[in-house]
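S.K.:
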Amino acid sequence: MRKKRKIAVKPSLDEPKRHLRMVCLLSEEEQRIVDRYLEKYRITNKSRWFRETILMFIYKNMDEDYPTLFGEHDMRR
49 MRKKRKIAVK PSLDEPKRHL RMVCLLSEEE QRIVDRYLEK YRITNKSRWF RETILMFIYK
109 NMDEDYPTLF GEHDMRR
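Numbering-wise, our numbering comes out as the position in the sequence shown, counting from 1, plus 48.
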């Protein structure tokens, strides 16, 4: 019998390495809410979920608050 060769997994080029850390503190109630949500939707990677949720919220707000040359009222005329 031959030994199985291990296949080296190359890091994904799509995702940059993360070197910076952000920390936030939660109350016990907030922690329970987050844990319940993660369990309900079977989310196993909590840090990725936090990162995607926060950034999605920020991108959405940035898109809505993007400065325009004319106001919304002027553009709808």
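Glycine included, C-beta positions come from ideal geometry on N, C-alpha and C.
1) For my contact list, L103 and K94 are in at a C-beta cut-off of 8 Å; report their separation, rounded to the angstrom.
2) Determine whether the beta carbon atoms of N97 and I91 lie at a separation below 8 Å.
3) What would DSSP say about L9, mapped onto helix, strand or coil?
4) Please report the distance separating the alpha-carbon of L117 from that of S75.
M.R.: Let me lay it out:
1) As a first step, residue 103 must be located in the sequence shown, where it is residue number 55. As a first step, residue 94 must be located in the sequence shown, where it is residue number 46. Incorrect: roughly 15 Å between the Cβ atoms, too far for contact.
2) Looking up residue 97 in the sequence shown gives position 49. Looking up residue 91 in the sequence shown gives position 43. As written in the sequence, residue 97 is Trp, which differs from the Asn given in the question. Yes, these two residues count as a Cβ contact at 8 Å.
3) What the structure shows of the chain is the stretch from 49 to 125, and residue 9 is not part of that stretch, so it cannot be assessed.
4) By 1-based counting over the sequence shown, the position of residue 117 is 69. By 1-based counting over the sequence shown, the position of residue 75 is 27. Approximately 43 Å between the Cα atoms of the pair.
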